[in-house]
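The number in the numbering used here is simply the position in the sequence shown, starting from 1, with 46 added.
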Amino acid sequence: MGLIVRSSDIHAAGVYTTTPVKKGVHIVEYSGPRITRERADELYEGRPYTYLFGLDDGVNIIDGTGIAAFINHCCDPNCEADEIEGRVWIIAIRDIKAGEELSYDYNLYDGDDDPCICCCGAKKCRGTMYTDEEIERLKGLAKEKKLETVAAGR
Ligand SMILES: [Zn+2]
Numbered sequence: 047m048g049l050i051v052r053s054s055d056i057h058a059a060g061v062y063t064t065t066p067v068k069k070g071v072h073i074v075e076y077s078g079p080r081i082t083r084e085r086a087d088e089l090y091e092g093r094p095y096t097y098l099f100g101l102d103d104g105v106n107i108i109d110g111t112g113i114a115a116f117i118n119h120c121c122d123p124n125c126e127a128d129e130i131e132g133r134v135w136i137i138a139i140r141d142i143k144a145g146e147e148l149s150y151d152y153n154l155y156d157g158d159d160d161p162c163i164c165c166c167g168a169k170k171c172r173g174t175m176y177t178d179e180e181i182e183r184l185k186g187l188a189k190e191k192k193l194e195t196v197a198a199g200r
């Protein structure tokens, strides 16, 4: 299996496979040091792009340093990121042809003011990299903010 990083139609740089990949193959590990959420906030406050991956424990985050950190989000992806015994693997969810860009659904959460706009171009693009639940939560927050503004204006 060969992976290369080159400019992407989705966003900036992306990861491409130079060989066909069968569905179910563990393609590459999302590798990097484990840091806490607090440390990540300290390190990356105000940065537009980060390569962080939140682990299921809700405490630790992988500060991505490997090639997997360059894989772009897509709303109709060909891979998924799966945590297995504390390690995160990028796994093919369908057969992938040589030359295709790899992608997985980031399913972002913990949003604040950043809209995390998605331009993946998939037919069923959500327009954002957040999960459906997070979109609902952010809508709720926006509503609350509006109400506060109205109250303060009285
Ligand atoms: Zn999209």
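Backbone N, C-alpha and C fix where the C-beta goes; we use that ideal spot for every residue, glycine too. Here the structure is a predicted model, which is why all the values come from computation and not from measurement.
field: Through-space distance from E190 to V71, alpha-carbon basis
entry: Start at 1 with the first residue of the sequence shown, and residue 71 comes out as number 25. Start at 1 with the first residue of the sequence shown, and residue 190 comes out as number 144. Taking the straight line joining both Cα atoms gives about 44 Å.
query: Distance, Cα to Cα, C166 vs A127?
result: Along the sequence shown, one-based indexing puts residue 166 at 120. Along the sequence shown, one-based indexing puts residue 127 at 81. Going by the C-alpha atoms only, they are around 17 Å apart.
- prompt: To the nearest angstrom, how far is it from the Cα of A115 to the Cα of A198?
  reply: Within the sequence shown, the letter at position 69 stands for residue 115. Within the sequence shown, the letter at position 152 stands for residue 198. Computed Cα separation, rounded: 43 Å.
message: Three or more C-beta pairs under 8 Å: does that hold for the segment 102-118 against the segment 71-90?
response: yes
message: Any heavy atom of ligand 1 closer than 6 Å to the beta-carbon of C164?
response: Residue 164 sits at position 118 when you count from the first residue of the sequence shown. Yes - ligand 1 has a heavy atom lying nearer than 6 Å to the Cβ of C164.
message: Quick check: does the Cβ of C125 come within less than 6 Å of any heavy atom belonging to ligand 1?
response: What you label residue 125 is simply residue 79 of the sequence shown in a count that begins at 1. It does not: the Cβ of C125 is nowhere closer than 6 Å to a heavy atom of ligand 1.
query: Going by beta carbon distance, what residues of the same chain come within less than 6 Å of P94, once the five residues before and after it are set aside?
result: As a first step, residue 94 must be located in the sequence shown, where it is residue number 48. If we look at P94 and ignore the five residues flanking it on each side, it has no Cβ neighbours.
message: Going by the DSSP bridge assignment, what does N118 pair with across the sheet?
response: Against the sequence shown, residue 118 aligns to sequence position 72. Paired residues: S149.
- request: Taking only heavy atoms of ligand 1 into account, decide whether any of them is closer than 6 Å to the Cβ of A58.
  value: Counted from its first residue, the sequence shown places residue 58 at position 12. No; taking the cut-off as 6 Å, the Cβ of A58 has no heavy atom of ligand 1 nearer than that.
- prompt: What is the DSSP secondary structure of T195, reduced to helix, strand or coil?
  reply: To locate residue 195, count along the sequence shown from 1; it is residue 149. Note: T195 maps to helix in three-state DSSP.
query: In whole angstroms, what separates the C-alpha of G186 from that of C164?
result: Walking along the sequence shown from the start, residue 186 turns up at place 140. Walking along the sequence shown from the start, residue 164 turns up at place 118. If I take the Cα positions, the gap works out to 21 Å.
query: Whose C-alpha, out of E91, K169, R183, N124, is nearest the C-alpha of Y152?
result: In the sequence shown, the residue the question calls residue 152 occupies position 106. Checked all of E91, K169, R183, N124; the closest Cα to Y152 is N124.
- request: Enumerate, from N- to C-terminal direction, the unbroken alpha helix (DSSP H) stretches of 4 or more residues contained entirely within the segment 71-102.
  value: 83-90
- prompt: Nearest-angstrom Cα distance between I142 and V51?
  reply: For the purposes of this step, residue 142 is identified with residue 96 of the sequence shown, where counting begins at 1. For the purposes of this step, residue 51 is identified with residue 5 of the sequence shown, where counting begins at 1. Approximately 16 Å between the Cα atoms of the pair.
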